[in-house]
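First up is the structure itself, then whatever we jot down about it.
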Ligand code: ADP
Ligand code: MG
């Protein structure tokens, strides 16, 4: 080991990591207090009811961070009162929108040796309650990116989850829910009664304004960078750019990180506006990038096919047929047996839900051939490079 003699503008890069949870969320005090009010009962009289709360806001409005921070805080408060309350955060998209996988992840929190096979999601739900009964635990289950669950399971999963206590009226109600989503529209497919149960308590997270983003950036810059290396003007520009990206704080933080990387790469002692400009021309919202990492093998192969087509053809859209052809070529290259049309259709829906691709035309699988697929958010070149690297063929 030798110590690098290069100067770095960073003090602690991890403070800019996507998974870092700040201990205070600026400009979300109102929403934080609202959450506390909704769940006050779970400390004062746990088991008396089961709460359902929705958190709604666009990408980067702090939904995930707020929910997780709330989870930490309420578990602390519960512990002080001797209440066995657990906050469990599950990202539905990462669990492929499958109720089974979501419940499995939840159960594993309390029952690490839980057998992984042989149960239906219905049985799993009953078992979860049984485990909670046995260990006298109360749970706040946060279902993040719940769109994925609704998309893949329709109305059924939420119907079951919201009615789980109905067959056990006398027993303590152990499972409360926080649903996290971008727009209420995705709940339209639910039956009226499930919908109204869920929509009783809604917390909206508005887009951050430029000034709010500026405050958030300021705090984060102090945590992550050496003192005085980030110029105020740079933070101004980032706030401005992120405001235009629908007040997306995640985009702002990603941009700040990348600007720091440019500064380091160019051996600069400060993060100047030029670093930000260079960063912004290369950055695409990290949402999609994260989503791409968690795709399955064939979804990646499908996306790689798309990326390669878009790289060469100067087109805005490909037909489903063209996309399938491109996918089959990629499959051949990687020695994988191509999946069938129906499966590819699910991939397209998934990719579109995650905002990696955009679809136009009929949303129905039967008329798939006429549907158009676009790639407006991610440079095809970069996607190709990134996927090829992850899929590992080029590395030998
Ligand atoms: P969402 O889940 O709504 O897409 P996130 O919770 O992932 O947004 O927030 C995006 C990023 O911005 C995270 O890194 C988060 O820590 C940060 N962030 C969001 N809101 C705030 C805030 N009010 N104060 C500090 N950091 C914030
Ligand atoms: Mg989120």
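Residue numbers (my numbering): 154 to 549. By construction, the Cβ of each residue, glycine as well, lies at the ideal position given by its N, Cα and C atoms.
Identity of the residues DSSP links to residue i by a beta bridge
i: residue 310; result: Paired residue(s): none; residue 310 is not in a bridge.
i: residue 513; result: 525
i: residue 282; result: Paired residue(s): none; residue 282 is not in a bridge.
i: residue 537; result: BP columns for residue 537 are empty, so no partner.
i: residue 344; result: Per DSSP, none; premise fails for residue 344.
i: residue 350; result: Looking at the DSSP assignment, residue 350 forms no beta bridge with any residue, so it has no partner.
i: residue 383; result: 424
i: residue 472; result: 525
i: residue 329; result: 293
i: residue 413; result: None; residue 413 has no bridge partner.
i: residue 208; result: 333, 356
i: residue 239; result: 292
i: residue 132; result: Outside the displayed range of the chain (154 to 549) lies residue 132, so it cannot be described from this structure.
i: residue 244; result: 297
Exposure label - residue i; buried when at least 16 CB within 10 Å
i: residue 291; result: buried
i: residue 256; result: buried
i: residue 316; result: exposed
i: residue 193; result: exposed
i: residue 521; result: Unreliable placement is indicated for residue 521, whose pLDDT of 46 sits below 50; no coordinate value is reported for it.
i: residue 537; result: buried
i: residue 513; result: exposed
i: residue 413; result: buried
i: residue 199; result: buried
i: residue 322; result: exposed
i: residue 355; result: exposed
i: residue 388; result: buried
i: residue 407; result: buried
i: residue 524; result: buried
i: residue 271; result: exposed
i: residue 288; result: exposed
i: residue 307; result: exposed
i: residue 473; result: buried
i: residue 213; result: buried
i: residue 458; result: buried
i: residue 542; result: exposed
i: residue 357; result: exposed
i: residue 353; result: exposed
Straight-line Cα distance separating residue j from residue i
i: residue 362; j: residue 417; result: 29 angstroms
i: residue 258; j: residue 424; result: 41 angstroms
i: residue 519; j: residue 495; result: Confidence at residue 519 is low in this model, with a pLDDT of 47, below 50, so the placement of that residue should be treated as unreliable; the coordinate-derived value is given next. Each residue's alpha carbon lies about 9 angstroms from the other.
i: residue 318; j: residue 468; result: 52 angstroms
i: residue 155; j: residue 545; result: Bear in mind that the predicted position of residue 155 carries a pLDDT of just 46, short of 50, making it unreliable; the figure below should be weighed with that in mind. Between residue 155 and residue 545, the C-alpha separation is close to 30 angstroms.
i: residue 394; j: residue 415; result: 17 angstroms
i: residue 328; j: residue 262; result: 14 angstroms
i: residue 539; j: residue 510; result: 16 angstroms
i: residue 229; j: residue 302; result: 29 angstroms
i: residue 284; j: residue 299; result: 24 angstroms
i: residue 196; j: residue 236; result: 7 angstroms
i: residue 227; j: residue 533; result: 43 angstroms
i: residue 460; j: residue 399; result: 26 angstroms
i: residue 535; j: residue 244; result: 26 angstroms
i: residue 349; j: residue 216; result: 21 angstroms
i: residue 269; j: residue 161; result: 45 angstroms
i: residue 266; j: residue 275; result: 19 angstroms
i: residue 487; j: residue 528; result: 23 angstroms
i: residue 339; j: residue 185; result: 24 angstroms
i: residue 516; j: residue 251; result: With a pLDDT of only 46 at residue 516, under the threshold of 50, the placement of this residue in the model should not be trusted; the figure read from the coordinates follows. For residue 516 and residue 251, the distance between alpha carbons rounds to 21 angstroms.
i: residue 241; j: residue 492; result: 34 angstroms
i: residue 385; j: residue 409; result: 12 angstroms
i: residue 310; j: residue 480; result: 31 angstroms
i: residue 337; j: residue 371; result: 32 angstroms
i: residue 475; j: residue 531; result: 19 angstroms
Distance between beta carbons of residue j and residue i, contact taken as under 8 angstroms
i: residue 366; j: residue 396; result: 6 angstroms
i: residue 471; j: residue 526; result: 5 angstroms
i: residue 211; j: residue 379; result: Not confirmed; about 32 angstroms, so no contact.
i: residue 191; j: residue 209; result: Not really, about 14 angstroms apart at Cβ, beyond 8 angstroms.
i: residue 202; j: residue 326; result: 6 angstroms
i: residue 296; j: residue 333; result: 7 angstroms
i: residue 483; j: residue 448; result: The pair is not a contact, with the Cβ atoms about 14 angstroms apart (cut-off 8 angstroms).
i: residue 224; j: residue 171; result: Between residue 171 and residue 224 the Cβ distance is about 17 angstroms, and since that is not below 8 angstroms, they are no contact.
i: residue 178; j: residue 238; result: Residue 178 to residue 238, Cβ: 21 angstroms. No contact.
i: residue 374; j: residue 383; result: 5 angstroms
Min CB distance residue i to chain C below 7 angstroms
i: residue 418; result: Judged by its chain identifiers, the structure shown contains no chain C, having just a single protein chain.
Near the ligand GTP: residue i beta-carbon under 6 angstroms from a heavy atom
i: residue 205; result: In the structure shown, the ligand GTP is absent; the only ligands present are the ligand ADP and the ligand MG.
Which residues have their C-beta within less than 7 angstroms of a heavy atom of the ligand MG, listed in chain order? 216, 217, 297, 298, 333
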